[in-house]
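Q: Structure incoming, see below.
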Amino acid sequence: MITLSKGITLKASCRPAKGESLVSISLDILRLAQTFAAHAATRQQAISQNIANANTPGYRSRDAVSFSDFLENTNAGRRDAQIRPDARPVTLSPDGNTVSLEHEMMRAVEARQSHDLALGVYSTARDILRAVITRR
Numbered sequence: 057m058i059t060l061s062k063g064i065t066l067k068a069s070c071r072p073a074k075g076e077s078l079v080s081i082s083l084d085i086l087r088l089a090q091t092f093a094a095h096a097a098t099r100q101q102a103i104s105q106n107i108a109n110a111n112t113p114g115y116r117s118r119d120a121v122s123f124s125d126f127l128e129n130t131n132a133g134r135r136d137a138q139i140r141p142d143a144r145p146v147t148l149s150p151d152g153n154t155v156s157l158e159h160e161m162m163r164a165v166e167a168r169q170s171h172d173l174a175l176g177v178y179s180t181a182r183d184i185l186r187a188v189i190t191r192r
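Take the sequence shown: its letters are residues 57 to 192, numbered as in the working numbering.
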């Protein structure tokens, strides 16, 4: 394990390969953090749509696809179908609406935490890049 900065460590499998620099790994981390933040934003968009339609008869709650699917779709250049109907809605009202405001509030907190985590990773990677650049 290599300790980089502020408690960030690299496993042996994350060490730079022969001829690869730590900077290229940091750039990959930045891309991943950007995608993670985009996933959190997409999830927040789905949550806000759900809240806006909480009283719409027959509306089915929606959520973003999993992060792994989001990453795969993004890498393949597919921007559509990032939001899907909930496979297992928490509630079903008599009018067919499946939005639970309490559940949406919990999802909103999860999305915010994911976004904050992405920004933290981005910030740490930026600090690592600065340290590498200033040492040269």
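Glycine included, C-beta positions come from ideal geometry on N, C-alpha and C. None of the values given here were measured: they were computed from a predicted structure.
(1) For ASN106, does the count of other Cβ atoms within 10 angstroms reach 16, so buried, or fall short, so exposed?
(2) Which same chain residues end up closer than 6 Å to SER117 when comparing Cβ atoms and leaving out the 5 residues on each side of it in sequence?
(3) I'd like to confirm the pairing. Which residues does DSSP put opposite PRO141 in its beta bridges?
(4) Can you round the beta-carbon distance between ALA93 and LEU175 to whole angstroms, since I take them to be within the 8 Å contact cut?
(5) Roughly how many whole angstroms lie between the Cα atoms of SER149 and GLY114?
(6) Could you pull the start and end residues of the alpha helix (DSSP H) that ASP125 belongs to?
A: Reading off the structure:
(1) Taking the first residue of the sequence shown as 1, we reach residue 106 at position 50. Buried, since its Cβ has 16 or more Cβ neighbours within 10 Å.
(2) As a first step, residue 117 must be located in the sequence shown, where it is residue number 61. Excluding residues within five positions, the ones whose Cβ falls inside 6 Å are ASN106, ASP142, PRO145, THR154, VAL155.
(3) Looking up residue 141 in the sequence shown gives position 85. DSSP lists ARG118 as partners of PRO141.
(4) Taking the first residue of the sequence shown as position 1, residue 93 is located at position 37. Taking the first residue of the sequence shown as position 1, residue 175 is located at position 119. Right, the Cβ-Cβ distance comes to about 7 Å (below 8 Å), so this counts as a contact.
(5) Here residue 149 refers to the residue found at position 93 when the sequence shown is read from its first residue. Here residue 114 refers to the residue found at position 58 when the sequence shown is read from its first residue. Their Cα atoms are separated by approximately 9 Å.
(6) Taking the first residue of the sequence shown as position 1, residue 125 is located at position 69. From DSSP, the alpha helix (DSSP H) with ASP125 extends over 123-131.
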